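Presented below is the structure to which this report refers.
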Amino acid sequence: MGNLDLLLHLSGRIVKGCRPLGSVALARCGPAVRWPWWPRPAILEHMFDLVSLAGVDSRDDEASLTARIAELERVKSAAAAGQARAAAALDKLRRCNEADAGVPARRRGRGVASEVALARRDSPARGGRHLGFAKALVYEMPHTLAALEVGRLSEWRATLIVRESACLDVEDRRALDAELCADMSALDGMGDARIAAAARAIAYRLDAQAVVERAARAETERTVTIRPAPDTMTWVTALLPVARGVSVYAALKRAADTTFDDRTRGQVMADTLVERVTGQPAEAAQPVAVNLVLSDETLLAGDRAPAVVDGYGPIPAAVARNLVRDAVADTRSRATLRRLYRHPRSGALVAMESRARRFPKGLAAFIGLRDQRCRMPYCDAPIRHRDHAQPHHRGGPTTATNGLGSCERCNYVKEAPGWRVSTDTDETGRHTAEFTTPTGMYYHCTAPPLPGPLEIDVSQVEARIGVALTHLHAA
Numbered sequence: 001m002g003n004l005d006l007l008l009h010l011s012g013r014i015v016k017g018c019r020p021l022g023s024v025a026l027a028r029c030g031p032a033v034r035w036p037w038w039p040r041p042a043i044l045e046h047m048f049d050l051v052s053l054a055g056v057d058s059r060d061d062e063a064s065l066t067a068r069i070a071e072l073e074r075v076k077s078a079a080a081a082g083q084a085r086a087a088a089a090l091d092k093l094r095r096c097n098e099a100d101a102g103v104p105a106r107r108r109g110r111g112v113a114s115e116v117a118l119a120r121r122d123s124p125a126r127g128g129r130h131l132g133f134a135k136a137l138v139y140e141m142p143h144t145l146a147a148l149e150v151g152r153l154s155e156w157r158a159t160l161i162v163r164e165s166a167c168l169d170v171e172d173r174r175a176l177d178a179e180l181c182a183d184m185s186a187l188d189g190m191g192d193a194r195i196a197a198a199a200r201a202i203a204y205r206l207d208a209q210a211v212v213e214r215a216a217r218a219e220t221e222r223t224v225t226i227r228p229a230p231d232t233m234t235w236v237t238a239l240l241p242v243a244r245g246v247s248v249y250a251a252l253k254r255a256a257d258t259t260f261d262d263r264t265r266g267q268v269m270a271d272t273l274v275e276r277v278t279g280q281p282a283e284a285a286q287p288v289a290v291n292l293v294l295s296d297e298t299l300l301a302g303d304r305a306p307a308v309v310d311g312y313g314p315i316p317a318a319v320a321r322n323l324v325r326d327a328v329a330d331t332r333s334r335a336t337l338r339r340l341y342r343h344p345r346s347g348a349l350v351a352m353e354s355r356a357r358r359f360p361k362g363l364a365a366f367i368g369l370r371d372q373r374c375r376m377p378y379c380d381a382p383i384r385h386r387d388h389a390q391p392h393h394r395g396g397p398t399t400a401t402n403g404l405g406s407c408e409r410c411n412y413v414k415e416a417p418g419w420r421v422s423t424d425t426d427e428t429g430r431h432t433a434e435f436t437t438p439t440g441m442y443y444h445c446t447a448p449p450l451p452g453p454l455e456i457d458v459s460q461v462e463a464r465i466g467v468a469l470t471h472l473h474a475a
């Protein structure tokens, strides 16, 4: 059996629904991806080489294993360089094809960044970063690209160089590229901080005014973000001008230095931040809307099934019960209860009690609780838009099935030429969405189930009723 035959045999074992001349669906370990054609033999040969490279001989000594780690690190860098070349070529080809099709210049290339991110199994929000990085390397920074190809730079360190040179014009950027990376041996031993500092110093010397203007523009991008942390914690991050950021930290530090109780310094600083931002004691229930989804068994019967905090994710049952207890005990929390109805076998949200009289508001709440986060595969951004999967102007109905929770970026991307989104419910009643890109790639995702134990023994009649409920308009 030759290399190609062996790889085809292995592919048939690890890929579900493998069809040599049809579509291929990946196993359900994440969003499914289908290619409308089988990979070319040359690509399969390269894939076999990578499979053999990833193997480790149990008889290898320590030196051999260390050398293998270094070799694989160089392969990662070379692959990153190859991805950059492919991404830049895709963008160029798409723009040329759209120009030939008469697409206005300002609309050409829309959606390419998201396609690049999906192909990399990354969030579409990072697609612009990947594509911008690729175009900078390929068209403006050949020495950095060469250092990446041979493994002298990691992808992240190459990204740092691109980032620090972004404020320069093309001529100065090429000068920075040559000065920093033409002699690749000078890069040996340089860590992330040294690479970034060296690029920043060269950029300032080449065009100090551009660096100053970049800093001024950065002040306009100040913001506050939130993202989940392990163990039912969360990171609240503020991006501030350096003077304001230092003053905020200094004020919190002063509070910690003058507080003498059993709390640690970090705990005092965190509590002080909460108190000064909310105007309430840190231990008090906050009168801010928090959507907490949990089963009646979890709330009333001590079940261990996790609950879900809208915008955060799963939390332990005991923590959810404590949140409910604290909210009910404090009259300022103004806690309310809303009933949700889920499919008995899959846990899919199929209906919701609505207190709103206006249909669109109830439907939007339903979609947000069902989808929890942006439904574009690999995108974990909070939901900003509840919109039609099949656009309304193309006959798409305003229903729960055709509704989709998306972040702002992904909602606009799916409106770009060549993108299609279709939605349905599977045999267990869970909402599904399939995204088709202009190149014919298919990406599939399924809405997460609601918390609570699932009933396994369900009759066919009950299952069909559950699926039928998902097609009803939200009330």
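Residue numbers for the sequence shown, in UniProt numbering: 1 to 475. All C-beta atoms in this analysis are idealised placements derived from N, C-alpha and C, irrespective of residue type, glycine included. No experiment lies behind these values; they were computed from the predicted model shown.
Check, Outcome
"Drop a sphere of 10 angstroms on the beta-carbon of Ile226, count the other beta-carbons inside from all chains shown, and report buried for 16 or more, exposed for fewer.", "exposed"
"Decide if Pro306 is buried, meaning its Cβ has at least 16 other Cβ atoms within 10 Å, or exposed.", "buried"
"Just to confirm the assignment, what range does the alpha helix (DSSP H) spanning Ala229 have?", "From DSSP, Ala229 is part of no alpha helix (DSSP H) but of the beta strand (DSSP E) over 223 to 229."
"In chain order, what are the residue ranges of uninterrupted alpha helix (DSSP H) at least 4 long that sit wholly in the stretch 128 to 206?", "142 to 149, 155 to 164, 170 to 181, 192 to 206"
"I'd like to know whether the C-beta atoms of Ala88 and Lys135 end up nearer to each other than 9 Å.", "yes"
"For Gly127 versus Glu115, is the C-beta distance shorter than 9 Å?", "yes"
"Round the Cβ separation of Gly405 and Cys379 to the nearest angstrom and send it over; I've been treating them as touching at under 8 Å.", "So it is not a contact: roughly 11 Å between Cβ atoms."
"What are the start and end residues of the beta strand (DSSP E) that includes Arg386?", "385 to 388"
"Name the DSSP beta bridge partners of Trp422, please?", "Residue identity check: residue 422 is Ser in the sequence provided, not Trp. For Ser422, which the question treats as bridged, DSSP gives the partners Glu434."
"Helix, strand or coil: which one does DSSP assign to Thr232?", "coil"
"Cys96 lies in the beta strand (DSSP E); which residues open and close that run?", "Per DSSP, Cys96 belongs to no beta strand (DSSP E); it is in the alpha helix (DSSP H), 62 to 100."
"Where do the ends of the alpha helix (DSSP H) carrying Ala215 lie?", "208 to 219"
"So what's Thr446 in DSSP terms, helix, strand or just coil?", "strand"
"Are the Cβ atoms of Ala381 and Asn402 separated by less than 9 Å?", "no"
"Tell me the residue span of the alpha helix (DSSP H) that contains Val248.", "242 to 257"
"Quick one, which of Val309, Thr399, Thr428, Ala80 has its alpha-carbon nearest Thr234's?", "Val309"
"Could you give the distance in angstroms between the alpha-carbon of Ala371 and the alpha-carbon of Arg121?", "Per the sequence shown, residue 371 should be read as Asp rather than Ala. Near 19 Å, if we compare the C-alpha coordinates of Arg121 and Asp371."
"By DSSP's criteria, Pro314 is part of a beta bridge. Which residues make up the other side?", "Val308"
"Reducing DSSP to helix, strand and coil, say where Ala238 ends up.", "strand"
"Grab me the residues of Ala255's own chain with a C-beta within less than 8 Å of its C-beta, minus the 5 sequence neighbours each way, in chain order.", "Val268, Met269, Thr272"
"How should Met130 be labelled, buried or exposed, when 16 other C-beta atoms within 10 angstroms of its C-beta is the threshold for buried?", "As written in the sequence, residue 130 is His, which differs from the Met given in the question. So His130 counts as buried."
"Please go through the same chain and pick out, in chain order, the residues whose beta-carbon is closer than 8 Å to the beta-carbon of Cys167, but skip the five residues on each side of it.", "Ala203, Asp207, Ala210, Val211, Glu213, Arg214"
"For Pro449 and Met376, what's the separation of their Cα atoms in angstroms?", "17 Å"
"With 16 as the cutoff for other CB atoms within 10 Å, does Asp257 come out buried or exposed?", "exposed"
"Which residue from Thr220, Thr223, Arg173, Ala117 puts its Cα closest to that of Phe201?", "Residue identity differs from the one stated: residue 201 is Ala in this sequence, not Phe. The option with the nearest alpha carbon to Ala201 is Arg173."
"Going by DSSP, what residues sit across from Ser406 in a beta bridge?", "His385"
"From Val75 to Ala125, what distance separates their C-alpha atoms?", "26 Å"
"So is Gly151 buried or exposed if we call it buried at 16+ other beta carbons inside 10 Å?", "buried"
"Please go through the same chain and pick out, in chain order, the residues whose beta-carbon is closer than 6 Å to the beta-carbon of Ala178, but skip the five residues on each side of it.", "His143"
"State the CB to CB distance for the pair Ala147 and Leu187, rounded to an integer number of angstroms; the pair is presumed to be in contact (CB under 8 Å).", "6 Å"
"Suppose contacts are defined by Cβ-Cβ distances below 9 Å. Is Thr432 in contact with Thr425 by that definition?", "yes"
"Report the rounded CA-to-CA distance for Pro241 versus Glu62, giving the unit in angstroms.", "48 Å"
"Whole angstroms is fine: what's the gap from Ala84's alpha carbon to Ala78's?", "10 Å"
"How would you write the range of the alpha helix (DSSP H) that Thr401 sits in, first residue to last?", "Segment: none, Thr401 is in no alpha helix (DSSP H) and carries neither H nor E."
"If we count the other Cβ atoms within 10 Å of its Cβ and call it buried at 16 or more, is Asp57 buried or exposed?", "exposed"
"Roughly how many angstroms separate the alpha carbons of Lys414 and Arg420, rounded to a whole number?", "7 Å"
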